[in-house]
Amino acid sequence: MTRNSLMVSGCVLLLLVAAVFSLQNGRYPVSGTQLLSLLMDGRSEDPHLHTVIYNIRLPRIIAAIAVGGALSLAGAAYQGMFRNPMVSPDILGVSSGAGFGAALAILLSLPVAGVQASAFAGGMLAVVLAISISRSIGRHHNAILVLVLSGIIISALFSALISLAKFSADPENRLPAITFWLMGSLADIRLQELPAVLALVAAGSLPILLSGWRLNVLSFGEDEAQALGIHTSRVRMIVIGSATLVTASVIALSGLIGWIGLVIPHAARMISGPDHRVQLPVSFLLGGIALLVFDNIARSVSPSEIPIGIITALAGAPFFIVLLKLTSRKTW
Numbered sequence: 001m002t003r004n005s006l007m008v009s010g011c012v013l014l015l016l017v018a019a020v021f022s023l024q025n026g027r028y029p030v031s032g033t034q035l036l037s038l039l040m041d042g043r044s045e046d047p048h049l050h051t052v053i054y055n056i057r058l059p060r061i062i063a064a065i066a067v068g069g070a071l072s073l074a075g076a077a078y079q080g081m082f083r084n085p086m087v088s089p090d091i092l093g094v095s096s097g098a099g100f101g102a103a104l105a106i107l108l109s110l111p112v113a114g115v116q117a118s119a120f121a122g123g124m125l126a127v128v129l130a131i132s133i134s135r136s137i138g139r140h141h142n143a144i145l146v147l148v149l150s151g152i153i154i155s156a157l158f159s160a161l162i163s164l165a166k167f168s169a170d171p172e173n174r175l176p177a178i179t180f181w182l183m184g185s186l187a188d189i190r191l192q193e194l195p196a197v198l199a200l201v202a203a204g205s206l207p208i209l210l211s212g213w214r215l216n217v218l219s220f221g222e223d224e225a226q227a228l229g230i231h232t233s234r235v236r237m238i239v240i241g242s243a244t245l246v247t248a249s250v251i252a253l254s255g256l257i258g259w260i261g262l263v264i265p266h267a268a269r270m271i272s273g274p275d276h277r278v279q280l281p282v283s284f285l286l287g288g289i290a291l292l293v294f295d296n297i298a299r300s301v302s303p304s305e306i307p308i309g310i311i312t313a314l315a316g317a318p319f320f321i322v323l324l325k326l327t328s329r330k331t332w
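Counting from 1, one number per residue, gives the positions in the sequence shown under this note's numbering.
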């Protein structure tokens, strides 16, 4: 096996180990023998074990892998496309748009499915607006710079709308619900919610993974990429559309979870190098591993579960400082 194959295989193995650890550990500990017996023949002497594993932990683990992997993959794709290590999946406003969509749905007392659909629609709308603004004013400017600035504008607009929704919300019921959703959580994930999200993640991830060699060419610069036959604007639209799809779909499921899409691609780049054909799958796998670890911490360190967005922020900031220190002597 080549070094790249070994690297990806090692990440897959670590992901499986983290998933099994997550299945066993929690407030209701499960031994390896009990877990193996349940998974092999579907039977257990403990009547509660089936509910704990299949109705609570397994959906949560699948969701953590999908959310962490999608956010990290989108972040790696954006960082490669914009050639900027400070770019994250919400650079074009998808997070703030999804946050406003969810806040609006909560204000309107929509059910969980309505909140998720509204969050997804809000995230997609925010990116469409950012792209539309950049195209309308970017003819005589640097296209990438105008796109990023348009994303900043849209993020600020939807952040203000979120604040307006919180100001208008009932402080006894709606305001706590909006605030909790914005902090991100995997606590209420149910198995029936996952197929649609997983299908959207797969539909968005595949074009990104297939664009790895094009992102390698884009890293040489606009003129060099065009000289080598790359339709740069088309590649950007594919990456932006796919990254937006996976980001909006997982945010609609879990709420806002920061730092994963910014920090994990840096860790993947340290391990795999700058080749996006390897870096992108490694980013997805490391993102899933990281969010599984953070989710275990979120549901274990205190009597009441801590929103996972708080854990990722508390852990992500110092970890990012360490990564910057380790890579300070290398060019990005």
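All C-beta atoms in this analysis are idealised placements derived from N, C-alpha and C, irrespective of residue type, glycine included.
| query | result |
| --- | --- |
| Cut-off 6 Å between Cβ atoms - residues of its own chain near L292, not counting five sequence neighbours on either side | A18, S22 and A64 |
| Short Cβ contact (9 Å threshold) for G151 with A130 | yes |
| CA nearest to the CA of L186, picked from V128, S163, I91 and I297 | I297 |
| Backbone CA spacing between T331 and S132 [nearest angstrom] | Legend: pLDDT at T331 = 48, less than 50; position of this residue unreliable, value from coordinates given subsequently. Looking at the two C-alpha atoms, the distance is approximately 33 Å. |
| Run of the alpha helix (DSSP H) containing T51, from where it starts to where it stops | That residue, T51, is in no alpha helix (DSSP H); it is neither H nor E in DSSP. |
| Integer Cβ distance of G68 from G287, believed to fall under 8 Å | 4 Å |
| Backbone CA spacing between A315 and D170 [nearest angstrom] | 32 Å |
| Collapsed DSSP secondary structure at E193 in the structure displayed | helix |
| The segment 97 to 115 touching the segment 222 to 241, judged by at least three CB pairs closer than 8 Å | no |
| Whole-angstrom C-beta distance between F120 and A248, which should lie under 8 Å | 5 Å |
| Collapsed DSSP secondary structure at T331 in the structure displayed | Legend: pLDDT at T331 = 48, less than 50; position of this residue unreliable, no value from coordinates given. |
| E170 (DSSP reduced to helix, strand or coil) | Looking at the sequence itself, residue 170 is Asp, so the reference to Glu does not match. The answer is coil: DSSP assigns D170 none of H, G, I, E or B. |
| When I260, T2, D90 and I162 are compared against V148, the one with the closest alpha-carbon | D90 |
| Cβ-Cβ distance between F284 and L73 below 9 Å | yes |
| Candidates N55, P318 and H48: closest to L194 by CA position | N55 |
| Range of the contiguous alpha helix (DSSP H) that encloses H141 | Run containing H141: none; DSSP gives neither H nor E here. |
| Under 9 Å between C-beta atoms of G75 and L210 | no |
| Secondary structure of R234, DSSP reduced to three states | helix |
| Simplified DSSP assignment, three categories, for Y28 | coil |
| Beta carbon of A117 nearer than 9 Å to that of V201 | no |
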